[in-house]
Amino acid sequence: MAERISETLQKKLSDRMSFYEDLGIQLFYRDRQVAALPETEQQLEPAVTIRFSSPNMQKEETLPKPAGKPALRVTLPAMTPVSPKIASLPVAAGPSLFEAVDKIANDTLPKVREDLGECTRCKLHSTRHKIVFGDGNPKAQLVFVGEGPGADEDAQGLPFVGRAGKLLTQMIEAMGLQRKDVYICNVVKCRPPENRQPEEDEVSTCSPFLFRQIDVIAPKVIVCLGAVAAKTLLQTNRGISQFRGEWLEFRGRDSK
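Counting along the sequence shown from 1, when you hit position 197 you're at 208 in our numbering, and nothing is skipped either side.
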């Protein structure tokens, strides 16, 4: 008989699956090429070691071994010392949305927010509670771009504060950073009804403000959280599963 997992683990798994679902990731496949893990505790390391290495960050942390369970040694590769291989994507026909947005001299995030105003440019404004502009370090080297606000974000006016936001915060902290070190925003600034995907006209209306945000911040790396963000920034029709984890160039900047 299969061992029953604890309620705590069930909750963590449920939260993780909800996070992936919010990012538009719904299908998972088992990699049959992965070698089987050792079966005996004697073959395993006694603790989990996570090592972060970059020019600006050196951190090694040893976590206590969970009671009654073997643990593995995990070493994360250097984050920035080696220049990533930059790939090119075939773009959709026609000029990109980014090309349609002229750079504004001496632009700032407050100016972008002021120009956005209490926006009524598309139908999303009719059901929103609060505009979710963005949050974080205006000089961040790392920017996360999501799809759009959910119910929690719509209520608080801040990006990624619900279940998906908690997991994103954990991931950021696992990198040795804090939310205040990065910048987080979305393709659309108002919550789509029933958390549906933003429609094409909504994306085309709101994305110029996103591009201005990115232009002002000028990050070194942009992380696309989900298919809508990836397709909007990279102007491609390829499914996100086809280039997940790849480094790509976005207007002279890397995105992943």
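Positions of the beta carbon are idealized from the N, C-alpha and C atoms, including for glycine.
Here DSSP, grouped into helix, strand and coil, assigns N117 to coil. Contact fails between the region 162-179 and the region 241-258, because fewer than three Cβ pairs, one in each stretch, are under 8 Å apart. When the beta-carbon positions are compared, V198 and N148 stay at least 9 Å from each other.
Between V156 and L244, the C-beta gap is smaller than 9 Å, which places the two residues in contact. The residues N197, V198, V199, R202, P203, P209, in chain order, have a CB closer than 7 Å to that of G159 in the same chain once the five nearest residues on each side in sequence are set aside. Bridge pairing for N197: G157 [DSSP]. Comparing alpha-carbon positions, the option among G128, L153, G145, A162 lying closest to G187 turns out to be L153. Judged by beta-carbon spacing, I142 lies within the 9 Å limit of C130, meaning their Cβ atoms are closer than that value. At a Cβ-Cβ threshold of 9 Å, D226 and K114 count as neighbours. Just measuring C-alpha positions, the residue of A162, L169, N206 sitting nearest R190 is L169.
Boundaries of the alpha helix (DSSP H) harbouring V227: 211-228, taken from the DSSP string. In this chain, V239 is not harboured by any beta strand (DSSP E); it is covered by the alpha helix (DSSP H) spanning 238-245.
Going by C-alpha positions, Q253 is about 27 Å away from T216. Here the alpha carbons of D212 and N206 stand approximately 16 Å from one another. By the CB criterion at 9 Å, F220 and D126 fall inside the cutoff. By the Cβ-count criterion, L236 is buried, with 16 or more other Cβ atoms from all chains shown falling within 10 Å of its own Cβ. Judged by their CB atoms, F261 and I233 are nearer to each other than the 9 Å cut-off. Rounded to whole angstroms, P121 and F144 show a C-alpha spacing of 10 Å. In this structure, the CA atom of R249 is about 23 Å from the CA atom of M28. The alpha carbon of R139 has as its nearest neighbour, out of A162, T119, N117, Q21, the alpha carbon of A162. Straight through space, the alpha carbons of K231 and D26 are spaced by roughly 30 Å. Collapsing the DSSP output to three states places I183 in a helix. Taking the Cα positions, A240 is about 32 Å away from T19. Measuring C-alpha to C-alpha distances from A238 to each of V214, R223, H136, G173 identifies V214 as the nearest.
When rounded, the separation of the alpha-carbon atoms in Q167 and K23 is 24 Å. When DSSP states are grouped into helix, strand and coil, I251 belongs to the helix group. With respect to F222, I195 sits apart: the two C-beta atoms are not nearer than 9 Å.
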